[in-house]
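2 protein chains.
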Amino acid sequence: MIKSLQDFLYSHIPLTKEMRLELVSFNESTLTAKAPLLPNINDKGSAFGGSSSALMIISAWSLIKLCCDTHQINADIVIHENHTQWQKPLYDDLFLEANFTEKYNFKAVKHRIEKNKHFRVQCEIKLVDVDANIYSTMTAYYVIIPKKEESL
Amino acid sequence: MIKSLQDFLYSHIPLTKEMRLELVSFNESTLTAKAPLLPNINDKGSAFGGSSSALMIISAWSLIKLCCDTHQINADIVIHENHTQWQKPLYDDLFLEANFTEKYNFKAVKHRIEKNKHFRVQCEIKLVDVDANIYSTMTAYYVIIPKKEESL
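So the protein sequences, as listed, match chains A and B.
Following our numbering, the numbering of the first sequence begins with 1 at its first residue and continues without gaps.
Following our numbering, the numbering of the second sequence begins with 1001 at its first residue and continues without gaps.
So, in structure tokens, the structure goes:
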């Protein structure tokens, strides 16, 4: 399931491939992912803030997408708002951990989407190193929207 | 000056090259930049939120960097915090406009950096289309930090 989403990301969101994002694990409350430093490095030899931001954004998006897929929810997921703090520079590979800030009932979400209504979810994403030390934290809001039509 | 910074970005922050970021104009209060949709596209055919976030982050960073260069300020610039709102999807090339939220006196900044103190600046960045319609807005805080040592 993770592998198939990663293939989808690589073919539909080319930047995820350039960043060498790798989805690692998923359960209904958490998704973890990682990316090597080199394609995401900055002029100071640490992780580029733009890369870490993009990786955090797509990690939470992937968490929501896999929850929707699990419950056969046919919806688009779009980011609406986020807030990020960078505590210190990360001079090593990037690890991401995306969580929901509360437990969402995806059966209820499915019901709502089938009634052509959207649903807003809140996630918290951490940028950590291999030892789980925290370098950056993001709070992000996404909207799950009924698909208007199938893509061609 | 812009061309030389763009070369610097391409060689030191590889993601800027993958996103095909192009710095367009600079004066001491505003920097504009652009990037084509294709390398920054998402699964819905619109601009990937991670790309737009990264492009907004590097646009304001470039504004500050060029102001520092203009005033011979030898400093690192790091992002500390940001807040972004995405109003609507952009199905076309991305244009960025980065501004300071107030007028900073970079002569005073230089004095401060030379005394080995850091300086925090606030920027507002807009993601717009070719006709200047707004799709996303970011408020971001950066810290200008005295360089500890020259890079090798």
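Beta carbons: idealized from backbone N, C-alpha and C, even for Gly.
- The beta carbons of residue 60/A and residue 108/A sit no closer together than 8 Å.
- In chain order, 1035, 1036, 1039 place their CB closer than 7 Å to the CB of residue 1020/B, counting only its own chain and leaving out the 5 sequence neighbours on each side.
- Residue 1048/B reaches chain A at 13, 15, counting residues in chain order whose Cβ is nearer than 7 Å.
- Note that the C-beta distance between residue 1101/B and residue 1058/B is not below 8 Å.
- Each residue's CA atom was taken as its position, placing residue 129/A and residue 12/A some 27 Å apart.
- The beta-carbon separation of residue 1075/B and residue 1144/B, rounded to 5 Å, stays under the 8 Å limit for a contact.
- Chain-ordered listing is empty here: chain B has no CB closer than 9 Å to the CB of residue 25/A, the nearest sitting near 20 Å.
- For residue 1138/B, the uninterrupted beta strand (DSSP E) segment begins and ends at 1134-1146.
- For residue 1108/B, the enclosing alpha helix (DSSP H) has its first and last residue at 1106-1114.
- At least 8 Å separates the CB of residue 1002/B from every CB of chain A.
- Here residue 1080/B is not near residue 1138/B, since their CB atoms are 8 Å or more apart.
- For residue 1084/B, at least one C-beta of chain A is nearer than 8 Å to its own C-beta.
- Residue 1142/B is classed as buried because its beta carbon has at least 16 other beta carbons within 10 Å across all chains shown.
- Fully enclosed alpha helix (DSSP H) runs of no fewer than 4 residues occupy 1049-1070 of the region 1023-1106 of chain B, in order along the chain.
- Residue contact check for residue 1043/B against chain A: a CB pair falls below 8 Å.
- Excluding residues up to 5 positions away in sequence, 23, 62, 65, 66, 69 lie with their Cβ nearer than 8 Å to the Cβ of residue 5/A in the same chain.
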